[in-house]
Structures are given as C-alpha cells and as structure tokens.
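Numbering (the UniProt record's numbering), first residue to last: 1 to 478.
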C-alpha cells in the first residue's frame with residue numbers, strides 16, 4: 001500500500017518529464033523543417049523518451065487516483081487526455097510518414113491535459129484568475145431569501161433580519177482558502193468542505209466539527225497550529241486565513257455551527273472580531289474571553305446600532321437582492337445593514353449607485369475580489385456611517401485612501417492583495433476612527449509599516465505575520 005501511494009505521489013514530479021521532452025522533440029522537428037538540418041536521430045530519441053515518461057506518468061497518475069483524494073468525475077478529462085497524449089506519442093514515434101500530424105496532435109493533447117491538471121491542482125479557472133475574479137453562485141436552496149417574501153402580505157421583519165452566517169461568511173472563507181484541496185475536484189484526506197453534508201461527515205480522521213466546542217473541532221484547531229506543523233491548514237505556501245476569518249469560524253462553531261438561518265447578535269458579532277486578537281493566544285483561552293466586559297467593544301458601530309434610523313424600503317432590498325448583493329441586518333430591531341458583493345458575478349460600477357439609496361443605513365460593506373477601482377471608492381466616500389470596509393483583492397491604489405479619509409466612523413479597513421504602497425500608509429494616519437487595517441500581500445514595506453506605527457501607535461496593523469500557540473492535540477476529535 002505504501003509503495004503504491006509513493007508512486008502516486010510521484011505523479012506531479014514525473015509528469016513534467018514528458019511535457020518538457022515532447023515539446024523539445026516538436027521544437028526540433030520545426031527547426032529541421034525550416035533549417036534543413038538532419039535531426040531525425042535526436043527527434044527519434046526525444047519522442048521515445050517522451051513517450052516512455054508519459055506512460056510512466058499515466059501509471060503514477062492512476063495510483064494517485066486510487067488514493068481517493070480526487071473524485072472520478074473531476075479527474076476524467078485530465079486522465080483521458082493524458083492517456084491520449086501517451087498513445088499519440090507512441091504513434092508519432094513509429095509512424096514516421098505521419099509524424100507531423102501525430103506530433104502536432106500530441107502537443108495539443110498534452111496542452112489540454114496540462115490545463116485540466118492545473119485546474120485539479122490550483123483550482124478551477126486558475127489560468128485566467130487575474131482576469132476573471134467572479135464567484136460561482138452559492139447554493140442557497142435551504143435558506144430563505146428576499147425572493148420568498150410575499151410583498152402583498154404583511155412583512156415579518158424578524159425573518160428579514162436573519163443573518164445567514166454559514167452562507168454569507170463561512171462559505172466565502174472556505175471557497176477562497178479551502179476548496180482547492182477539499183471539494184468535488186479534490187478531496188485531500190477524504191475531506192470535502194463544499195456542502196453541509198460533507199462538512200458534517202468529516203474526513204478520514206473522522207468528524208471535523210464538534211458543535212459548540214471549537215477547541216475540539218479540527219476545522220478550527222488545525223487553523224491555529226504553527227505554520228511549520230504538518231497538520232496546519234492551509235499548508236505552508238498556500239494563502240492563509242486572516243485572523244478575522246479564523247475568528248469567524250471559531251464563533252460559528254461556538255454558536256452551534258448552524259447551516260440554516262441564524263440571528264447573529266450584535267455582542268457576538270463584536271466578540272468574534274476579538275476572539276483571536278492576541279498573537280500568542282491558545283484555543284483553551286479563547287473561550288474565556290469575556291464579551292460584555294470589554295470596553296473597546298463600545299465602538300462606533302455599536303453606538304450606531306443603538307440609534308434610530310429609518311428602515312430600508314422592501315423595494316430597494318428586492319432590487320439589491322436581484323443583483324446578488326447580499327443584505328443582512330446587523331441585529332434584531334436595528335435598521336442598520338451590511339452589504340456583501342460575494343455573489344455578484346458581473347460587477348458593474350453602476351451597482352454602487354444603487355447603494356447610495358441606503359448609504360445612511362449601510363454600516364459594513366464587502367467588495368472583495370471585485371474589479372473595484374479608485375473611481376468607485378470616490379462614491380463610497382459618501383457613505384458616512386460606514387464602519388467596516390473590505391477591499392480585499394480589488395484594483396484600488398493609494399488614490400482611494402485619500403477619498404476614504406473623509407469617513408468619520410470607519411474602524412476596520414481590509415486592503416489585502418491590493419496595490420497600496422508606503423505613500424498610501426501615510427494617509428491612513430489621518431483617519432479619525434481607524435482601529436484595524438489589513439495590509440497582507442500589498443506593496444508596502446516594513447519601513448513604511450514602522451512609520452505608520454509611529455504616526456498611529458494605537459492602530460492595529462495586520463500583515464499576516466503571526467503565530468499561534470500549539471493547541472493540545474489530545475483533545476481533538478478523532
């Protein structure tokens with residue numbers, strides 16, 4: 001068993017041999033054609049070696065599939081284009097009279113097989129990820145939506161104000177950080193995280209969620225292991241979860257890991273942002289954080305939630321819902337709302353115009369992974385009650401930060417994966433209420449961050465460089 005698994009694990013290494021050798025053989029055929037140089041012997045040798053290595057790669061790939069980490073349906077295209085490449089290589093070697101056609105077909109098939117293999121390794125659509133950052137629709141068949149509200153009857157505002165934590169918060173985290181290795185295309189460790197049933201089922205080691213007890217839930221504890229630990233997830237070198245994302249998962253499990261509608265109380269919302277604030281915190285101590293006793297919970301957002309404001313009209317909510325903009329209320333009895341663009345597939349700048357009608361009620365805005373530019377940010381600068389703004393992986397530059405400094409209540413700003421530089425950091429020091437800023441994978445330097453710390457000593461600056469204490473693995477569910 002160990003030997004077959006080892007052979008399977010060698011597939012990603014072996015597969016590069018036929019790619020390089022067969023392409024090299026084809027290049028020599030082109031050179032021979034145009035330069036009239038006799039390279040038949042070298043071409044024969046290259047085709048022979050390339051074909052042999054492609055057959056070996058196919059065998060190793062077959063063993064890899066048997067490990068169970070990949071779904072048969074997902075692997076089908078890569079498997080058969082790979083086998084076709086090997087067969088065409090054999091024919092190109094022996095049928096010299098038809099070598100040009102067969103070699104060309106081999107290279108085409110090799111390219112397609114490589115593309116499907118890349119999708120399996122890096123995720124669907126990886127090749128054009130930078131050009132197309134839109135998200136696939138999220139399954140909401142089990143969740144009530146605005147489309148189900150009968151506008152001719154009296155409105156149940158308590159139902160409208162449900163906060164769908166799993167759909168709106170957990171799924172986006174799993175989709176961006178976990179699906180590459182734990183979904184239909186690849187189920188590393190026998191684990192899939194792309195549906196409720198699979199999360200409940202767990203993987204080869206058993207359950208990953210202990211309802212109400214994140215400290216004994218692998219879904220949480222493996223996130224906070226040291227990055228050099230073999231069990232740390234995501235693996236070293238992959239995009240890591242931010243502290244807020246980890247705290248969201250912790251809070252979700254703590255409150256019962258509900259997959260359907262759940263009212264998210266204001267106090268718990270604040271607590272989830274504080275759960276993992278200490279860089280050396282351990283899972284055992286997280287549950288001991290007192291919620292109501294923390295004075296810094298009383299921030300601009302909590303003050304807003306206690307004030308009265310006119311409710312957003314149902315027609316406006318329905319219009320936003322039709323555009324896949326997710327609107328959730330921030331607490332029972334409150335008319336302040338959060339807007340999330342995670343499900344927007346074809347972003348247009350005009351969508352922000354629709355938010356202007358709710359700018360007084362809008363407190364949280366998430367525009368991550370959308371092609372939002374500096375012009376769009378100029379509109380957002382008019383949303384005076386905004387306290388949290390997520391611009392992760394957008395197209396903004398330092399110019400946007402000049403616009404946002406006029407927001408009087410902005411406390412959390414996520415700039416992860418943007419082109420912000422040290423020049424922009426100096427503007428952040430002028431923000432009147434900013435408490436937390438996320439700068440991981442931006443263009444800022446360490447010296448720029450140090451200057452910002454001096455200018456705003458109370459500002460919490462997140463750069464992705466943190467380490468958690470190792471949890472007690474003896475308490476994990478097996």
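All residues carry an ideal CB built from backbone N, CA and C; glycine is no exception.
Apart from sequence neighbours up to five positions away, the residues of its chain that approach residue 202 with a beta-carbon distance below 6 Å are 208, ordered along the chain. As the crow flies, the alpha-carbon of residue 41 is around 11 Å from that of residue 25. With a 10 Å radius around the Cβ and a threshold of 16 neighbouring Cβ atoms, residue 244 comes out buried. Its Cα nearest to that of residue 79, the residue 60 stands out among 218, 377, 90, 60. One alpha carbon belongs to residue 171, the other to residue 194, and they sit about 8 Å apart. Just measuring C-alpha positions, the residue of 361, 51, 231, 33 sitting nearest residue 188 is 231. From the listed residues 28, 116, 364, the smallest Cα separation to residue 103 is found for 28.
Under DSSP, the beta-bridge partners assigned to residue 365 are 339, 389. Going by beta carbons, residue 341 and residue 367 fall inside the 7 Å limit.
If you ignore the 5 residues before and after residue 448, its C-beta comes within less than 6 Å of the C-beta of 422, 425, all in its own chain and listed in chain order.
Going by beta carbons, residue 313 and residue 328 fall outside the 7 Å limit. For residue 196, the enclosing alpha helix (DSSP H) stretches over residues 196-201. Segment contact: the stretch 44-55 against the stretch 85-93, three or more CB-CB distances shorter than 8 Å; contact assigned. The Cβ-Cβ distance between residue 214 and residue 169 does not fall below 7 Å. Within the model, the alpha-carbon separation for residue 55 versus residue 86 is close to 6 Å. When secondary structure is reduced to three states using DSSP, residue 327 falls in the strand class. Between residue 257 and the set 219, 239, 224, the nearest pair of CA atoms involves 219.
In this structure, the alpha-carbon of residue 191 lies about 8 Å from that of residue 183.
Residue 164 counts as buried, since at least 16 other C-beta atoms from the protein chains shown sit within 10 angstroms of its C-beta. Just so you know, the alpha carbons of residue 179 and residue 120 end up roughly 11 Å apart. In this structure residue 7 touches residue 63 by the C-beta definition: roughly 5 Å separates them, less than 8 Å. Taking a contact to require three or more Cβ pairs closer than 8 Å, the stretch 410-422 and the stretch 355-362 do not qualify as touching.
In its chain, beyond the 5 residues on either side, 439, 440, 449 have a beta carbon closer than 7 Å to the beta carbon of residue 463. Ranked by Cα distance from residue 20, the first of 51, 320, 37 is 51. When 101, 98, 113, 99 are compared, the shortest CA-CA separation from residue 84 is found for 113.
Around the Cβ of residue 403, a 10 Å sphere holds 16 or more other Cβ atoms; the residue is buried. At a Cβ-Cβ threshold of 7 Å, residue 344 and residue 324 count as neighbours.
At a cut-off of 4 residues, the continuous stretches assigned as alpha helix (DSSP H) that sit fully inside the UniProt domain "Cytochrome C Planctomycete-type" (178-237) are 196-201, 218-221. When the five nearest sequence neighbours on each side are left out, the beta carbons in the same chain lying within less than 7 Å of the beta carbon of residue 239 are those of 177, in order along the chain.
Straight across, the Cα-Cα distance linking residue 399 with residue 454 is about 22 Å. Judged by DSSP secondary structure, residue 438 falls within the beta strand (DSSP E) whose first and last residues are 436-438.
Residue 461 sits in a strand when the DSSP states are folded into three classes. Going by C-alpha positions, residue 99 is about 10 Å away from residue 106.
The beta carbon of residue 53 sits closer than 8 Å to those of 14, 17, 18, 21, all from its chain and outside the five residues before and after it, given in chain order. Residue 412 has 388, 436 as its beta-bridge partners, per DSSP.
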